[in-house]
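K.L.:
In our numbering, the protein residues as written are 244 to 644.
I have a structure I would like to understand better, so I am pasting it below and will then ask my questions one at a time.
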Ligand SMILES: [Zn+2]
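The following block contains the structure:
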């Protein structure tokens with residue numbers, strides 16, 4: 244049985260740095276020729292503030308001193324790597340991108356390998372789509388046999404970029420003649436190409452599942468991507484072949500979020516004091532960003548590069564005493580007890596469980612059952628969004644696929 248953390252504090256951080264300092268906020272500097280977007284997944288605004296205070300000579304401290312820090316930045320709702328990243332790359336929330344989580348249910352698609360006679364299937368844009376998730380190249384990327392199918396289009400496979408409902412900033416940049424590059428953790432991140440499938444010139448998606456599940460392994464995995472960014476700054480492609488410096492490029496760091504959730508990691512108190520593994524991960528991300536800054540400087544590109552350091556989502560409660568670990572199978576079991584196979588799909592991540600029902604006319608009954616005190620207490624349910632309260636956050640679930 245898998246476990247999840249309940250009650251997360253979700254706060255992103257956004258630090259925008261450029262050599263043109265404050266003027267940038269009012270009017271973009273004509274000197275800016277390229278944008279480097281860095282997501283340190285999991286990093287809270289408080290982590291940045293604490294690190295800058297305790298490490299005054301760090302890269303993040305130096306960048307903070309010359310850049311603008313947006314302390315009220317917030318991730319998408321719901322948030323995880325996909326909706327959080329897409330909010331930055333498309334400007335859209337899950338209601339407009341159609342991407343609710345890494346995992347969701349699509350009422351218009353059919354299961355992989357099926358004949359499309361049955362409509363409605365899970366869609367999970369994880370490394371489950373890889374040919375081999377234990378290899379850094381995923382055994383050659385996405386296995387088309389594992390993709391959901393579109394019955395409306397002759398039962399053809401739906402790639403992640405086909406699923407996205409809006410265009411991405413990469414498509415905009417590329418159609419304006421800029422070279423684009425992005426680096427992320429699974430081949431399924433080809434979604435950032437946008438619906439055209441062609442937004443990113445140089446997409447590099449080393450599979451995170453190939454790395455060891457400890458802080459050292461995650462740092463080594465991040466180093467692969469940092470080297471690819473350095474190559475791109477040096478006018479090469481991610482692998483080191485001759486190319487040109489992208490106009491829009493970036494990567495995500497994964498070791499900080501890993502160190503936040505690993506049992507020996509996280510925070511030592513409610514004021515956000517990092518544990519040793521977490522501090523190591525933040526420090527390493529800081530030094531890695533320092534290498535990028537040095538490479539830009541060495542090529543005389545720093546003054547014309549806008550660097551954005553942000554976190555596309557948070558990962559962990561700062562105060563672990565307030566976290567409650569809940570068995571994610573409790574909620575679907577409670578629902579299926581009302582009516583056999585009433586749950587079409589249940590996906591728990593972070594502090595939210597998303598539930599799709601096979602019979603949507605039962606929604607009200609299910610919602611009322613879940614808030615009954617005994618059930619709410621058992622499954623640690625704080626709030627159930629359905630009907631009008633859900634429609635305030637997303638599209639009408641009885642019409643949106
Ligand atoms: Zn992430």
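Positions of the beta carbon are idealized from the N, C-alpha and C atoms, including for glycine.
Note that the coordinates shown come from a computational prediction; the quantities given were computed from them, not determined experimentally.
Taking the alpha-carbon positions, what's the residue 368 to residue 427 distance?
P.N.:
Approximately 13 Å between the Cα atoms of the pair.
K.L.:
Name the residue from 487, 425, 533 whose alpha carbon lies nearest to the alpha carbon of residue 306.
P.N.:
Of the listed residues, the one whose Cα sits closest to residue 306 is 533.
K.L.:
Short of 6 Å in beta carbon distance, which residues of its chain neighbour residue 629, apart from the five on each side in sequence? Order them along the chain.
P.N.:
Answer for residue 629: 606, 610, listed in chain order.
K.L.:
Taking Cβ to Cβ, would you say residue 284 is nearer than 7 Å to residue 456?
P.N.:
No.
K.L.:
Does DSSP classify residue 279 as helix, strand or coil?
P.N.:
Residue state, collapsed to three classes: strand.
K.L.:
Does the distance from the C-beta atom of residue 430 to that of residue 411 stay below 7 Å?
P.N.:
Cβ atoms of residue 430 and residue 411: not closer than 7 Å.
K.L.:
Name the residue from 511, 597, 514, 641 whose alpha carbon lies nearest to the alpha carbon of residue 342.
P.N.:
Ranking 511, 597, 514, 641 by Cα distance to residue 342 puts 597 first.
K.L.:
With 16 as the cutoff for other CB atoms within 10 Å, does residue 614 come out buried or exposed?
P.N.:
Exposed is the call here.
K.L.:
Check the C-beta distance from residue 718 over to residue 365 and give it rounded, since I have them as a contact under 8 Å.
P.N.:
Outside the shown range of the chain (244 to 644) lies residue 718, about which nothing can therefore be said.
K.L.:
Can you tell me which residues fall inside 5 Å of ligand 1, judged by beta-carbon distance to its nearest heavy atom, and keep chain order?
P.N.:
Matched residues: 284, 324.
K.L.:
When the Cβ atoms of the region 539-546 are set against those of the region 502-509, are three or more pairs found closer than 8 Å?
P.N.:
No, the region 539-546 is not in contact with the region 502-509.
K.L.:
Indicate the three-state DSSP secondary structure (helix, strand or coil) for residue 609 in the structure shown.
P.N.:
It is helical.
K.L.:
Which same chain residues, not among the five before or five after residue 442, have their C-beta less than 7 Å away from its C-beta?
P.N.:
Excluding residues within five positions, the ones whose Cβ falls inside 7 Å are 411, 413, 414, 417, 423, 435, 436.
K.L.:
Name the one or two DSSP bridge partners that residue 557 has.
P.N.:
Note: residue 557 sits in a beta bridge opposite 285.
K.L.:
Where residue 317 and residue 582 are concerned, what is the direct C-alpha to C-alpha distance, given to the nearest angstrom?
P.N.:
Roughly 38 Å between the two C-alpha positions.
K.L.:
Going by the beta-carbon positions, is the gap between residue 492 and residue 465 smaller than 7 Å?
P.N.:
Taking 7 Å as the Cβ cut-off, residue 492 and residue 465 do not qualify as a contacting pair.
K.L.:
Between residue 460 and the rest of its own chain, which residues show a CB-CB distance below 8 Å, the 5 nearest in sequence each way excluded?
P.N.:
Cβ within range, chain order: 454.
K.L.:
So, at 8 Å on beta carbons, what are the nonlocal neighbours of residue 362 in its own chain, with the 5 sequence-adjacent residues on each side left out?
P.N.:
These residues qualify, in order along the chain: 350, 351, 352, 353, 394.
K.L.:
With 16 other CB atoms within 10 Å as the buried threshold, where does residue 524 fall?
P.N.:
Residue 524 comes out buried.
K.L.:
Could you give the residue range of the beta strand (DSSP E) that holds residue 365?
P.N.:
Looking at the DSSP string, the run of the beta strand (DSSP E) that includes residue 365 is 364-367.
K.L.:
Does the region 621-638 touch the region 565-580, meaning 3 or more C-beta pairs lie closer than 8 Å?
P.N.:
Yes, they touch.
K.L.:
Within a Cβ cutoff of 8 Å, which residues of the same chain sit near residue 600, ignoring the five residues on either side of it in sequence?
P.N.:
So the qualifying residues of the chain are 578, 585, 586, 587, 606, 609.
K.L.:
In whole angstroms, what is the alpha-carbon distance linking residue 468 and residue 536?
P.N.:
So the alpha carbons of these two residues sit roughly 15 Å apart.
K.L.:
By DSSP's criteria, residue 588 is part of a beta bridge. Which residues make up the other side?
P.N.:
DSSP lists 599 as partners of residue 588.
K.L.:
What's the call for residue 553, buried or exposed, on a 16-neighbour Cβ count within 10 Å?
P.N.:
Buried, since its Cβ has 16 or more Cβ neighbours within 10 Å.
K.L.:
Which of the three DSSP states, helix, strand or coil, is assigned to residue 522?
P.N.:
DSSP places residue 522 in helix when its eight states are reduced to three.
K.L.:
Residue 491 lies in the alpha helix (DSSP H); which residues open and close that run?
P.N.:
From DSSP, residue 491 is part of no alpha helix (DSSP H) but of the beta strand (DSSP E) over 491-496.
K.L.:
Using DSSP with H/G/I as helix, E/B as strand and the rest coil, what is residue 296?
P.N.:
Reduced to three states, the DSSP call for residue 296 is helix.
K.L.:
Along the chain, which unbroken stretches of the alpha helix (DSSP H) at least 4 residues long are found entirely within the region 401-456?
P.N.:
Within the region 401-456, the complete alpha helix (DSSP H) runs of at least 4 residues are 403-406, 412-418.
K.L.:
Using 8 Å for Cβ pairs, my map puts residue 335 next to residue 328. What's the rounded Cβ distance?
P.N.:
So it is not a contact: roughly 11 Å between Cβ atoms.
K.L.:
Quick check: residue 433 and residue 400, are their CB atoms within less than 7 Å of each other?
P.N.:
No, these two residues do not count as a Cβ contact at 7 Å.
K.L.:
First and last residue of the alpha helix (DSSP H) that includes residue 460?
P.N.:
458-476 is the span of the alpha helix (DSSP H), which, as asked, contains residue 460.
K.L.:
In the region 327-397, which residue ranges form an unbroken beta strand (DSSP E) of at least 3 residues, counting only runs that do not cross its ends?
P.N.:
List check, beta strand (DSSP E) in window: 346-349, 364-367.
K.L.:
Taking 7 Å as the cut-off, decide whether the C-beta atoms of residue 487 and residue 279 are in contact.
P.N.:
Contact flag unset, no.
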